[in-house]
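Note sheet for the following structure.
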Amino acid sequence: MSALRTIVRYGYAPFMMLALMAAAYWVVAELAVARDNPWAYLLLAPLLGLAYATAFAAERIAPFFDEWNDHEAHGDNPTNLLHLLIYEMQSINGVLLIPLIVWLFPFDIGVWPTQWPLWAQFLVAYIVSDFVFMMMHYLSHRFAPLWRLHAVHHGVGRLYGFNGVMRHPLHQVLDMVVGSLPLVLMGMPIPVAVLLGFAISVTLIVQHSNVDARLGPLQKHLSIGRVHHLHHVNWGTEGDCNFGLLLTCWDRMLGTFHEKPPREITAKDLGVDEIPNFPKSYIEQFLLPLHYKPGQGEPERYKKVSAAAATPLTPAQEARRIVDAAE
Ligand SMILES: [Zn+2]
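Quick note: the sequence shown uses my numbering, first residue 4, plus one each step.
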């Protein structure tokens with residue numbers, strides 16, 4: 004088991020970020036573009052499924068915290084599956100909207116390097132959006148209206164493969180518009196946009212998964228694992244750092260990079276400190292920006308749920324519970 008754990012610790016990030024990305028690149032470049040067959044893009048769906056399956060298997064073999072793997076105790080899987088479906092559907096819609104945006108803004112500023120190989124175009128798109136997403140993320144922690152939306156991403160008390168897609172759909176739309184509009188207006192072609200969407204999904208899985216990935220000297224350059232855990236702590240404003248999606252260089256430029264936490268992060272240190280009873284249902288999380296007012300403590304409606312849960316049972320209810328448990 005320990006040999007397998009070592010393989011997972013060292014092999015997880017390269018498999019996800021290099022091998023799966025290479026497979027996606029082959030699908031897009033060789034099957035979709037070279038053969039002019041847009042249906043080939045559908046093959047990215049099973050590849051994304053493989054990314055999730057790999058993350059969940061790796062979390063079992065080499066977790067940061069066993070507690071974060073306890074799906075039943077957290078009771079958030081159904082909601083998170085909905086988050087996954089809605090996030091990916093919105094991503095697909097975002098790519099499908101590109102021709103519409105090009106049609107609406109028909110001026111061609113002609114700066115996209117279409118003569119470059121596809122992989123080089125993809126790298127340009129990835130680095131630009133890594134920077135833009137980091138800035139949007141930074142602003143989402145600075146401005147209350149954005150934070151009310153982004154708090155949905157920070158609410159749950161653990162990190163695992165699904166956390167990356169746990170976003171308020173409106174915040175995702177804002178992210179996508181701000182992140183991709185400059186690229187689209189520069190003339191980013193559809194195959195590059197598809198690859199970019201896939202790469203961001205895989206990066207989000209790696210960034211949040213509960214895998215004790217060993218990155219060696221790359222750890223301080225990549226905003227994943229421990230570096231990203233610090234961003235999710237519920238220690239007041241101490242988590243207002245490490246905003247990067249993949250690269251830490253932007254945080255270094257902003258002065259918001261912290262390689263090591265000031266104290267050890269435990270399995271119970273994640274979440275939003277103002278909302279200890281973070282709602283678990285999708286509808287409640289969707290409505291959270293309406294009820295949550297930063298700086299004014301936990302909304303009453305969440306407290307009520309916890310108070311009801313903590314109310315002692317009457318003797319009759321207690322007797323019923325014992326009978327039910329015995330049956
Ligand atoms: Zn954040």
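Don't be surprised by glycine CBs; every beta carbon is placed ideally from N, CA and C. As the structure is a computational prediction, the values presented were derived from the model and not from experiment.
Query	Result
Give the residues whose C-beta lies closer than 7 Å to at least one heavy atom of ligand 1, in chain order.	H140, S143, H144, H153, H156, H157, H234 and F246
Per DSSP, what are the beta-bridge partners of L273 in this structure?	V236
What separation, rounded to the nearest whole angstrom, lies between the Cα atoms of Y55 and G164?	7 Å
Using only CA atoms, which one of V197, K296 and L23 lies nearest to W42?	V197
So, do the region 269 to 277 and the region 228 to 240 have three or more beta carbon pairs nearer to each other than 8 Å?	yes
Among R255, D272 and P17, which one has its Cα closest to the Cα of L233?	D272
Throw me the rounded Cβ distance for the A58 and I203 pair, which I believe falls under 8 Å.	Between I203 and A58 the Cβ distance is about 15 Å, and since that is not below 8 Å, they are no contact.
Considering only their Cβ atoms, is the gap separating N280 from K296 smaller than 9 Å?	no
Using only alpha-carbon positions, find the residue among L34, P282 and L290 that is nearest to H77.	P282
Using C-beta distances below 8 Å, list every residue in its chain close to Q93, excluding the 5 sequence neighbours before and after it, in chain order.	P172, Q175, V176 and M179
Report back the beta-carbon spacing between V114 and M189 to the nearest angstrom; my notes put them in contact at under 8 Å.	5 Å
Among all the DSSP beta bridges, which residues are the ones paired with P66?	V214
Compute the beta-carbon to beta-carbon distance between A270 and W122, rounded to the nearest angstrom, for a pair I have assumed lies under 8 Å.	No, A270 and W122 are not in contact; Cβ-Cβ is about 39 Å, not under 8 Å.
Ignore the nearest five residues each way along the sequence and tell me which others in V195's own chain have a CB closer than 6 Å to its CB.	Q124, F125 and A128
Which residue's Cα is closest to the Cα of N213: Y15, L88 and I10?	Y15
With a cut-off of 8 Å on the beta carbons, I'd call V181 and V135 a contact; round off their distance for me.	6 Å
By Cβ distance, which residues of its chain are closer than 8 Å to V36, with the 5 residues on each side in sequence left out?	L121 and P194
First and last residue of the alpha helix (DSSP H) that includes E75?	H74 to H77
Can you tell me which of the three DSSP states L225 falls into?	strand
Provide the residue(s) that pair with L250 in DSSP beta bridges, ordered along the chain.	L225
Do you know how far the Cα of L186 is from the Cα of L162?	30 Å
Taking the CB atoms as reference points, tell me whether A147 and L291 lie closer together than 9 Å.	no
My understanding is that H332 touches V31, with C-beta atoms under 8 Å, so please give their C-beta distance in whole angstroms.	Residue 332 lies beyond the range of the chain shown here (4 to 330); nothing can be said about it.
To the nearest angstrom, how far is the alpha carbon of L47 from that of K223?	30 Å
So F67 and D215 are supposed to be a Cβ contact under 8 Å. How far apart are they, rounded?	5 Å
Among the residues of its own chain, which have a CB less than 6 Å from the CB of D243, if the five just before and after it don't count?	H144
Secondary structure at Y12, three-state DSSP: helix, strand or coil?	Reading off the sequence, residue 12 comes out as Arg, not Tyr. Three-state result, R12: helix.
Under the assumption that K259 contacts Y141 (Cβ atoms under 8 Å), give the Cβ distance between them as a whole number of angstroms.	The amino acid occupying residue 259 in the given sequence is Thr; Lys does not appear at that position. With a Cβ gap of about 7 Å, T259 and Y141 count as contacting.
Which residues in the same chain as G228 place their Cβ atom closer than 6 Å to its Cβ, once the five residues preceding and following it in sequence are excluded?	A216
According to DSSP, is R38 helix, strand or coil?	coil
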